[in-house]
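Remarks on the structure that follows.
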Amino acid sequence: MVSCARRGARALIPSLYLRGVSVRHIALVGIEIIFIFFPTPARIWYGFKKVGASYEADTYSETMSLRTESFLVGLIGDGITSSLTPPMHEAEADAHGVRYLYRPVDLDALNLDGASAPALLDAAALLGFNAFNITHPCKQSVMEHLHELSDAARALGAVNCVVIREDGTFYGDNTDYSGFIAGLKRGLPQVAEDPARLEHVVQLGAGGAGSATAYALCRLGVHRLSLFERDAAKAQGLAEQLGGLFPQTRIEVLTDDTRLIEALLEAQGLVNATPVGMHVHPGMPLSDSALDAGVLREGLWVADVIYLPQETQLVQVARAAGCEVLTGGYMAVGQAVDAFRLFTELEPNAERMAAHFEALIAAQQGV
């Protein structure tokens with residue numbers, strides 16, 4: 001790496017224009033970057049990045065691939081540097097013999113908030129990115145910046161995938177709901193394929209993850225869906241939204257433990273779509289009174305959306321009580337499989353990605 005004085009880097013630009021060289025100057029989040037593209041057969045690409053009062057220059061590639069020849073993908077969200085999605089995508093691309101780089105854009109590390117997502121997408125389009133996964137807190141805020149939405153994303157009011165098309169337009173989709181469906185079919189096929197096991201399902205939580213799983217459950221044909229959420233207005237809004245889309249499903253809102261216990265004793269399934277149980281929010285999403293009432297019992301299937309850790313307290317207690325359980329890893333793999341397909345138009349191997357996910361989890365836990 002070489003450095004050049006700021007005046008020198010700036011002075012290069014006029015002469016480069018005269019020689020037919022394309023220059024792009026971007027200032028974003030306090031970082032000033034100058035990209036210089038030389039129109040040679042080798043497509044040599046130099047970049048000058050501002051570091052203090054000087055620029056550092058480097059040759060990025062002597063045989064630079066175009067965005068149609070390789071994939072540059074990112075993840076925008078808070079606290080996502082430990083996400084397992086990037087290594088899953090990269091490993092699956094390697095198996096296909098495809099160049100694929102996946103970079104996390106951690107808003108927390110950059111001291112940014114969710115409102116910065118549109119500007120990041122604009123910059124990414126200029127830099128040649130192909131697509132992004134989107135997570136908290138940007139799933140809703142980024143939507144109005146997109147040019148087209150899938151039916152599912154529009155219905156859910158949230159996206160977790162953005163494809164940057166060759167014409168620079170943004171297409172938003174949601175693979176959280178489809179990932180849950182795929183995970184249920186892979187992990188608990190005896191449930192997903194039996195309408196009697198989907199007659200009545202209770203769901204804890206009506207936030208971002210809860211919207212996706214509730215939508216998925218309605219798509220699967222659940223006849224009665226009971227939503228338990230401390231924020232009654234949030235749950236009621238989701239119930240009304242889904243009720244308009246799935247009139248055949250009876251959707252009710254539960255706001256106290258007594259009604260929750262009654263519903264669980266009648267239900268065939270339970271889905272935890274709250275953050276309770278995560279490594280940063282440890283605990284049990286069910287109250288002691290619910291557990292004492294025996295709501296976790298043989299014949300009830302239990303699904304958790306949390307995968308860090310996979311063995312949440314709910315999963316452990318439910319399994320011990322004789323429930324069939326679905327860990328959050330199934331949904332995580334399912335959404336990654338669907339996102340990889342969306343980004344590359346290649347058919348991923350779900351079992352291979354699941355095996356890699358398990359290996360990543362084991363390595364992360366030091367197993």
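Taking the UniProt record's numbering, the leading residue of the sequence shown gets 1, the next gets one more, and so forth. Beta carbons: idealized from backbone N, C-alpha and C, even for Gly. These numbers come from a predicted model, not from an experiment.
- Contact between Leu-184 and Ala-192 holds: CB atoms are separated by about 5 angstroms, below the 8 angstroms threshold.
- In its chain, beyond the 5 residues on either side, Pro-275 have a beta carbon closer than 7 angstroms to the beta carbon of His-281.
- Counting along the chain, Val-317 sits inside no beta strand (DSSP E); it lies in the alpha helix (DSSP H) bounded by residues 313 to 320.
- Between Asp-338 and Ala-263, the alpha-carbon positions lie close to 33 angstroms from each other.
- Distance from the CA atom of Ala-158 to the CA atom of Lys-139, rounded to whole angstroms, is 5 angstroms.
- Across the set Glu-324, Leu-121, Ala-131 and Asp-173, the C-alpha of Ala-131 shows the shortest separation from the C-alpha of Thr-344.
- Scanning its chain for C-beta atoms nearer than 6 angstroms, with the 5 sequence neighbours on each side dropped, one finds around Leu-101 the residues Leu-72, in chain order.
- Taking C-beta atoms as the reference points, Tyr-307 and Leu-84 count as a pair closer than 9 angstroms.
- For Leu-198, there is no enclosing alpha helix (DSSP H), since its DSSP letter is neither H nor E.
- When the five nearest sequence neighbours on each side are left out, the beta carbons in the same chain lying within less than 7 angstroms of the beta carbon of Asp-108 are those of Asp-78 and Gly-79, in order along the chain.
- The C-alpha of Asp-113 lies about 25 angstroms from the C-alpha of Ala-233.
- When rounded, the separation of the alpha-carbon atoms in Thr-327 and Ala-182 is 13 angstroms.
- Counted as a single uninterrupted DSSP element, the stretch harbouring Cys-218 is not any beta strand (DSSP E) but the alpha helix (DSSP H) occupying residues 208 to 220.
- Exposure of Thr-169 is indicated by the presence of fewer than 16 other C-beta atoms within 10 angstroms of its C-beta.
- Fewer than three pairs of CB atoms, one per stretch, sit closer than 8 angstroms, so the region 211 to 226 makes no contact with the region 277 to 292.
- Closest by C-alpha distance to Arg-352, out of Val-333, Gly-294 and Gln-364, is Val-333.
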